[in-house]
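Trainee:
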């Protein structure tokens with residue numbers, strides 16, 4: 000049904016609300032517009048310059064989106080999608096305008112080279128001629144430049160992975176023990192690599208996989224039990240045999256074997272005749 004209203008007819012309050020909200024006419028050439036009638040029914044009014052885009056998603060994705068909309072009180076899934084796309088576009092545009100890390104590192108090092116070079120030159124060439132206070136400040140500048148250089152390398156440059164193939168990884172904070180084990184295995188023609196802390200060893204194992212791990216339990220940072228659990232829960236390392244080398248009481252070690260997944264243990268001081276079992280893994 001078409002409702003006919005003359006141009007001189009007085010607009011209703013709802014018509015005025017519609018026009019204020021949408022910027023469209025409620026009456027055009029004496030007739031109530033289709034837009035106003037749809038608006039009265041609660042239908043959403045779309046701008047002519049907007050186009051509907053449809054996407055296909057699985058029921059699982061649809062359910063996930065709907066739960067998110069409900070949890071964070073979005074009015075519609077469409078609003079969530081629009082906001083997500085706009086955020087993604089802004090993020091990509093922001094990232095594309097950033098300089099790559101190697102370029103930033105290079106630019107910082109160029110300036111740092113001047114600071115480091117001149118401070119070192121002044122200190123070495125003029126330390127006998129300048130006041131001690133001046134020399135002290137120059138030395139401080141040089142020392143700080145070295146610290147800054149290390150930070151640039153650590154944070155902006157890709158780590159260099161040492162290409163060194165070895166058989167046994169030893170993790171122990173006692174150098175005498177390490178030297179003893181390295182000498183023993185080298186006499187058997189096996190290569191070793193060692194670390195004094197668990198943190199360093201775990202970082203090393205991101206890049207290489209040894210054939211065998213000898214692990215002390217009492218370390219300065221992470222105890223050997225925790226390290227072993229990390230190794231055995233890692234998909235790439237879980238098959239590597241881990242043997243504890245420790246002065247911890249026998250009962251304490253045995254009590255942790257099942258929990259940590261270790262393959263065996265050797266108590267200090269060592270009985271090297273018991274080490275023969277290790278060669279089955281090498």
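In this note's numbering, the protein residues as written are 0 to 281.
Glycine included, C-beta positions come from ideal geometry on N, C-alpha and C.
Keep in mind it's a predicted model, so treat the numbers as computed, not measured.
Indicate whether the contact test is met: 3 or more Cβ pairs, each with one atom in the region 196-216 and one in the region 233-249, closer than 8 Å.
Mentor: Judged by Cβ distances under 8 Å, the region 196-216 makes contact with the region 233-249, as three or more pairs qualify.
Trainee: Let me confirm a value: residue 204 is counted as buried when at least 16 other C-beta atoms fall within 10 Å, else exposed. Which label applies?
Mentor: Residue 204 should be labelled buried.
Trainee: Cβ atoms of residue 190 and residue 166: under 7 Å apart, would you say?
Mentor: Their beta carbons are under 7 Å apart, which means residue 166 touches residue 190 by this criterion.
Trainee: Terminal residues of the continuous alpha helix (DSSP H) containing residue 259?
Mentor: Element bounds for residue 259: 249-259.
Trainee: Please state the DSSP three-state secondary structure of residue 12.
Mentor: Three-state result, residue 12: helix.
Trainee: Taking 6 Å as the limit between beta carbons, can you name the residues of its chain near residue 35, skipping five residues before and five after?
Mentor: If we look at residue 35 and ignore the five residues flanking it on each side, its Cβ neighbours are 17 and 25.
Trainee: Put residue 6 into one of helix, strand or coil per three-state DSSP.
Mentor: Since pLDDT at residue 6 reaches only 46, below the 50 mark, its modelled position is unreliable, and the value read off the structure follows with that caveat. Coil at residue 6, not helix or strand.
Trainee: Where residue 147 and residue 123 are concerned, what is the direct C-alpha to C-alpha distance, given to the nearest angstrom?
Mentor: Distance between the alpha carbons of residue 147 and residue 123: 20 Å.
Trainee: So what's residue 175 in DSSP terms, helix, strand or just coil?
Mentor: Residue state, collapsed to three classes: helix.
Trainee: Helix, strand or coil, according to DSSP, for residue 198 in the structure here?
Mentor: Here residue 198 sits in helix by DSSP.
Trainee: Where does residue 81 sit, in a helix, a strand or coil, going by DSSP?
Mentor: Residue state, collapsed to three classes: helix.
Trainee: So for residue 22, helix, strand or coil by DSSP?
Mentor: In the structure shown, residue 22 sits in coil (DSSP, three-state: anything other than H, G, I, E or B).
Trainee: What's the call for residue 125, buried or exposed, on a 16-neighbour Cβ count within 10 Å?
Mentor: Exposed, by the Cβ-count rule.
Trainee: Residues in its own chain within less than 8 Å of residue 32 by CB, not counting five upstream and five downstream?
Mentor: Here the set comprises 23, 24, 25 and 26.
Trainee: Mark residue 171 as exposed unless 16 or more other C-beta atoms lie within 10 angstroms of its C-beta, in which case mark it buried.
Mentor: The residue is buried, with at least 16 neighbouring Cβ atoms inside 10 Å.
Trainee: Should residue 275 be counted as a contact of the ligand MG given a C-beta to heavy atom distance under 6 Å?
Mentor: Ligands in the displayed structure: none, and consequently the ligand MG is not present.
Trainee: Residues in the same chain with beta-carbon distance under 7 Å from residue 269, minus the five sequence neighbours each way, listed in chain order, please.
Mentor: Around residue 269: no qualifying Cβ.
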